[in-house]
Amino acid sequence: MRQPYLTAQSKETLNPHVRQWILTILVPLGGMYSYSYDPVVNDALLESLFNFDDPEVELSKNQLYTLLRKEYRRGCSQLTQLPKVLHSNIAQLAQLVSLNNVESSILEFAVALSMDSRLADAAELLGDLNTAKLFYSLATLLEHSETAIRTALSRDGTLMRTGIFNLRNFEHVSLSSKLDVLSVSFADTLYCGIVSPHALLRDEINHSPTAQLQLKDYPSLTAHLDILLPYLKHSLEQRSAGVNILLHGEPGTGKTELARLLAQLNNCQLYEVASEDSDGDAVSSQRRLNAYRAAQHFFANDNSMLVFDEVEDIFSESSFDFFASRTALAGKNKAWVNLLLEHNSIPTVWISNSINRMDPAFVRRFDFVIEVPLPNKEQRIKLLKRYSKNLLDNNTLQRLASQEQLSPAVIERAARVISSIAPQLEDPGQAMQVLIDSTLTSQGHASLKAEKKPSEAEYYDPAFIRADVDLAALTAGLQANPSARLCLYGPPGTGKTAYGHWLAQQLKKRLIIKRASDLLSPFVGENERNIADAFKQAQQQQAILMIDEVDSFLNDRRNTRSNWEASLVNEMLTQMENFSGIFIASTNRMDGLDQAALRRFDLKAKFDFLNAAQAWKLFVRHCKKLGLAHGKKALPLQLASVEYLTPGDFAAVVRMARFSPLTSAEAFIQALSSEVSHKEQVKKRRFGF
Numbered sequence: 005m006r007q008p009y010l011t012a013q014s015k016e017t018l019n020p021h022v023r024q025w026i027l028t029i030l031v032p033l034g035g036m037y038s039y040s041y042d043p044v045v046n047d048a049l050l051e052s053l054f055n056f057d058d059p060e061v062e063l064s065k066n067q068l069y070t071l072l073r074k075e076y077r078r079g080c081s082q083l084t085q086l087p088k089v090l091h092s093n094i095a096q097l098a099q100l101v102s103l104n105n106v107e108s109s110i111l112e113f114a115v116a117l118s119m120d121s122r123l124a125d126a127a128e129l130l131g132d133l134n135t136a137k138l139f140y141s142l143a144t145l146l147e148h149s150e151t152a153i154r155t156a157l158s159r160d161g162t163l164m165r166t167g168i169f170n171l172r173n174f175e176h177v178s179l180s181s182k183l184d185v186l187s188v189s190f191a192d193t194l195y196c197g198i199v200s201p202h203a204l205l206r207d208e209i210n211h212s213p214t215a216q217l218q219l220k221d222y223p224s225l226t227a228h229l230d231i232l233l234p235y236l237k238h239s240l241e242q243r244s245a246g247v248n249i250l251l252h253g254e255p256g257t258g259k260t261e262l263a264r265l266l267a268q269l270n271n272c273q274l275y276e277v278a279s280e281d282s283d284g285d286a287v288s289s290q291r292r293l294n295a296y297r298a299a300q301h302f303f304a305n306d307n308s309m310l311v312f313d314e315v316e317d318i319f320s321e322s323s324f325d326f327f328a329s330r331t332a333l334a335g336k337n338k339a340w341v342n343l344l345l346e347h348n349s350i351p352t353v354w355i356s357n358s359i360n361r362m363d364p365a366f367v368r369r370f371d372f373v374i375e376v377p378l379p380n381k382e383q384r385i386k387l388l389k390r391y392s393k394n395l396l397d398n399n400t401l402q403r404l405a406s407q408e409q410l411s412p413a414v415i416e417r418a419a420r421v422i423s424s425i426a427p428q429l430e431d432p433g434q435a436m437q438v439l440i441d442s443t444l445t446s447q448g449h450a451s452l453k454a455e456k457k458p459s460e461a462e463y464y465d466p467a468f469i470r471a472d473v474d475l476a477a478l479t480a481g482l483q484a485n486p487s488a489r490l491c492l493y494g495p496p497g498t499g500k501t502a503y504g505h506w507l508a509q510q511l512k513k514r515l516i517i518k519r520a521s522d523l524l525s526p527f528v529g530e531n532e533r534n535i536a537d538a539f540k541q542a543q544q545q546q547a548i549l550m551i552d553e554v555d556s557f558l559n560d561r562r563n564t565r566s567n568w569e570a571s572l573v574n575e576m577l578t579q580m581e582n583f584s585g586i587f588i589a590s591t592n593r594m595d596g597l598d599q600a601a602l603r604r605f606d607l608k609a610k611f612d613f614l615n616a617a618q619a620w621k622l623f624v625r626h627c628k629k630l631g632l633a634h635g636k637k638a639l640p641l642q643l644a645s646v647e648y649l650t651p652g653d654f655a656a657v658v659r660m661a662r663f664s665p666l667t668s669a670e671a672f673i674q675a676l677s678s679e680v681s682h683k684e685q686v687k688k689r690r691f692g693f
């Protein structure tokens, strides 16, 4: 026999009860017949069983079998006990969650199996087990009937319901892999630690810190919170079951802070289901859900709440995502998750960045579904002032607050970093701007560093727009009655989008512009959601909503080839009818719009190419700005020969002049001619169409 290699644990004294388990695996369960052929288990296992005086002792196979049978029979005649700490801790846990004797025995064995490598080595000799062999093996090891074992390991049993134990029921794997305790830290605490609910769940459940935000930081949620706060108070007092709140919204909007605030206002302890363990490793969704179930039992008698963040991998609907079927647990057993939401003993706040792919069957089971939006500019200013503590001058404050995607989390984190080193910085305000800018750009938002471009409204003059309606009169009418649905159509560059900017400036309203690229998605149902969200955002902010390239959404349904195209039109029409503010649709293609959609617009305004007089006046204005002499008599005729001019053509040439200066008014006209030469109308005329 080869010389044994002794691990540190194999040199330790083997607990008599664990030793008898190993012998049971080897003898009655037949593990010894696999011993000589299994390279995984070395002689350290035999050394731990027998403590051979001679490390090079040689035994034949039959001698080994005889020795093992003898030791097994001798062990059966002796009364053995598990390590006192393990036995005592399991007894305390059994009292906490009401485990019976069979369930306690299974948990004792599973914990020992995960903590003692010698027992685990022996278990590997049994090979891969199906469920029937598992029940037989456990019944033999723990001296209970197979029926009792089967009952204890049923889905409705306490072990499984509490989440502290999981049985890989339908997999052909080894005994060690079949029996899955909550976590390594959970097993470690039971095996050699001091039991308390907090100690058992130390890697899975964290105490939540104090909330940093206040109710006044959520002004848009006042109506919801006026109902939610008394409901939570009543539920905690009555210990009501099945209380669940779903908070959703973009990352960093303060959803977790709101959960902390809700618990704080109700004077109860909030526990957070961890997404990382103490080593910084990600916790799997199954393990997080098991920890949540365990916490529901461990803290059931406390005045407490739970928060479960990042629930996308729990509730995602697989039909929306190719990968969801591999990650979303709820999709695998909807009935089980529905019961979980209906019978939880501790009120729970569930948090998600998006519920677009969440199964509606789950959404309707929450008592409250609340969207936490990004703060408006006024709120952003307040948050910046609070967290920066006078580090920002007014210009920097206003510049940062103008970024619509700036969330409370980004503000808080940047302010915390800069405040800690402010005395060492020459300009703390500039440093904070750098940090915030880098975060926003990494999220795909516009950079704060970019020099702010003059708004389109700044250079806008209705006199240089050739529309078939009086734009000044239209604007005055909208000031008196700010509710309308307008369709602006005409060639590109004629001033449709610029009018939207100018109108918003005149009405002192914010303009929200959405383009096809902002709203169209490859996922089923998301186009409709994106359209609905755009109208909702405009309604909440009392802003003007402008959708450019609206022909992408309002194609004539008589010509649609797919159901989703018709669904898109229907959603747009529904949102238009329900919107009470100013909605502007712009398009370059009027002829392809849905006929029913056209009837929904209160006004349809055509924006056309400039006439000769408008083109000349706009030319003169730009020549003055560029310092170009424009007094030659031939210039008006030269400009008049350039057809199909739009304000956009002038803007394009002026932009070009920044890096390729124009030397004369004639060069300006030549540049305009070159610009319009690419237009469809000019090309058709050139080829005689």
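To get this note's numbering, take the position in the sequence shown, counting from 1, and add 4.
Just so you know, even glycine gets a beta-carbon here, dropped at the ideal spot from N, CA and C.
Note that the structure is predicted; figures quoted are calculated from it, not measured.
So, with DSSP's three-state summary, where would you put residue i?
i: V45; result: Summary for V45: the model assigns pLDDT 38, below 50, so the residue's position carries little reliability, and this model does not support an answer.
i: A488; result: strand
i: K237; result: helix
i: K610; result: strand
i: H634; result: coil
i: K464; result: Just to set this straight, residue 464 is Tyr in the shown sequence, not Lys. Residue state, collapsed to three classes: coil.
i: M550; result: strand
i: H252; result: strand
i: R470; result: strand
i: N307; result: coil
i: T260; result: helix
i: S645; result: coil
i: T591; result: strand
Are residue i and residue j closer than 7 Å when you measure CB to CB?
i: L123; j: I26; result: yes
i: V22; j: R73; result: no
i: P351; j: S239; result: yes
i: R369; j: L343; result: no
i: L490; j: I588; result: yes
i: A405; j: I385; result: yes
i: Q300; j: S349; result: yes
i: Y493; j: M594; result: yes
i: T166; j: V101; result: yes
Roughly how many angstroms separate the alpha carbons of residue i and residue j, rounded to a whole number?
i: K637; j: L643; result: 11 Å
i: N93; j: F319; result: 34 Å
i: D192; j: M119; result: 7 Å
i: T153; j: Y140; result: Going by the sequence as given, residue 153 is Ile instead of Thr. Rounded to whole angstroms, I153 to Y140 spans 9 Å at the Cα level.
i: S212; j: R78; result: 53 Å
i: D474; j: T501; result: 16 Å
i: G631; j: A616; result: 22 Å
i: K629; j: A656; result: 15 Å
i: S487; j: P379; result: 25 Å
i: L49; j: A126; result: 8 Å
i: L549; j: I516; result: 5 Å
i: K540; j: V573; result: 17 Å
i: P665; j: Q674; result: 13 Å
i: E382; j: N559; result: 39 Å
i: L186; j: L86; result: 21 Å
i: A520; j: D552; result: 7 Å
i: E575; j: I535; result: 7 Å
i: R533; j: A570; result: 15 Å
i: A278; j: I198; result: 21 Å
i: L444; j: T257; result: 14 Å
i: L639; j: F672; result: 10 Å
Can you round the beta-carbon distance between residue i and residue j to whole angstroms, since I take them to be within the 8 Å contact cut?
i: E408; j: G253; result: Going by Cβ atoms, the distance from E408 to G253 rounds to 14 Å, so no, they are not a contact pair.
i: Q524; j: S556; result: At residue 524 the sequence reads Leu, which differs from the Gln that was named. Yes, L524 and S556 are in contact; Cβ-Cβ is about 7 Å, under 8 Å.
i: A756; j: I440; result: No statement about residue 756 is possible, as the shown extent of the chain runs from 5 to 693 and does not include it.
i: G497; j: D653; result: 6 Å
Would residue i count as contacting chain C if we go by Cβ distances under 7 Å?
i: A278; result: Protein chains in the displayed structure number just one, and chain C is not present.
- Task: Entirely within the region 185 to 234 and at least 3 residues each: give me those beta strand (DSSP E) ranges in chain order.
- Result: As summarised for the region 185 to 234, the continuous beta strand (DSSP E) elements at least 3 residues long and confined to that stretch are 209 to 211, given in chain order.
- Unbroken beta strand (DSSP E) runs of length 3 or more, entirely within the region 130 to 177: which are they? Correct list: 169 to 171.
- Task: Write down every uninterrupted run of the beta strand (DSSP E) in the region 264 to 289 whose length is 3 residues or greater and which is fully enclosed by it, in chain order.
- Result: Scanning the region 264 to 289 for uninterrupted beta strand (DSSP E) segments of 3 residues or longer gives 273 to 277, listed from N- to C-terminal end.
- Quick one: which unbroken beta strand (DSSP E) runs of 3-plus residues sit fully inside the region 324 to 402? Chain order, please. If one requires a minimum length of 3 residues, the beta strand (DSSP E) runs lying completely within the region 324 to 402 are 352 to 356, 372 to 375, in chain order.
- Query: Which full runs of the alpha helix (DSSP H) of 4+ residues lie inside the region 62 to 141, going along the chain?
  - Reply: Entirely contained in the region 62 to 141, the alpha helix (DSSP H) runs reaching 4 residues are, in chain order, 65 to 80, 88 to 101, 105 to 119, 121 to 128.
- Task: Please list the segments of the alpha helix (DSSP H) lying wholly inside the region 475 to 532, counting only runs of 4 or more residues, in order along the chain.
- Result: Runs of the alpha helix (DSSP H) inside the region 475 to 532: 475 to 484, 500 to 511, 520 to 523.
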